[in-house]
Amino acid sequence: MPAFDDDLQAKPIRKPAHDVGQPLDTLSAHELQERIALLQEEIARLEQAIRARHATQAAAAAFFKS
Numbered sequence: 006m007p008a009f010d011d012d013l014q015a016k017p018i019r020k021p022a023h024d025v026g027q028p029l030d031t032l033s034a035h036e037l038q039e040r041i042a043l044l045q046e047e048i049a050r051l052e053q054a055i056r057a058r059h060a061t062q063a064a065a066a067a068f069f070k071s
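If you read the sequence shown in our numbering, its first letter stands for residue 6, the second for the next number, and so on.
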């Protein structure tokens with residue numbers, strides 16, 4: 006078997022737990038709470054990425070200002 010087959014088996018493709026804009030009518034309160042938690046974790050991850058970008062930008066600005 007080709008080597009790339011092992012890579013595909015090691016990283017299964019997951020369906021996202023929440024699609025923005027999807028109907029919420031069929032979800033229970035518990036499922037909605039789980040999705041809120043998931044989205045809050047994603048927001049925190051995105052905010053951390055923004056902070057990292059700003060830090061990189063500030064470091065570059067300080068380097069080239071000198």
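Each residue gets a CB set at the ideal place from its N, CA and C atoms; glycine is no exception.
C-beta neighbour in chain C for residue i, strict 8 Å
i: A57; result: Checking the listed chains, one finds no chain C in this structure; it contains a single protein chain.
Where residue i falls: helix, strand or coil (DSSP)
i: T61; result: helix
i: L32; result: coil
i: A49; result: helix
i: Q38; result: helix
i: A22; result: coil
Assumed close pair residue i, residue j - CB separation to whole angstroms, cut-off 8 Å
i: L43; j: H23; result: 6 Å
Backbone CA spacing between residue i and residue j [nearest angstrom]
i: L37; j: Q53; result: 24 Å
i: R56; j: E47; result: 14 Å
i: H59; j: F68; result: 14 Å
Own chain partners of residue i with C-beta closer than 8 Å, once the 5 adjacent residues on each side are dropped
i: L32; result: R40
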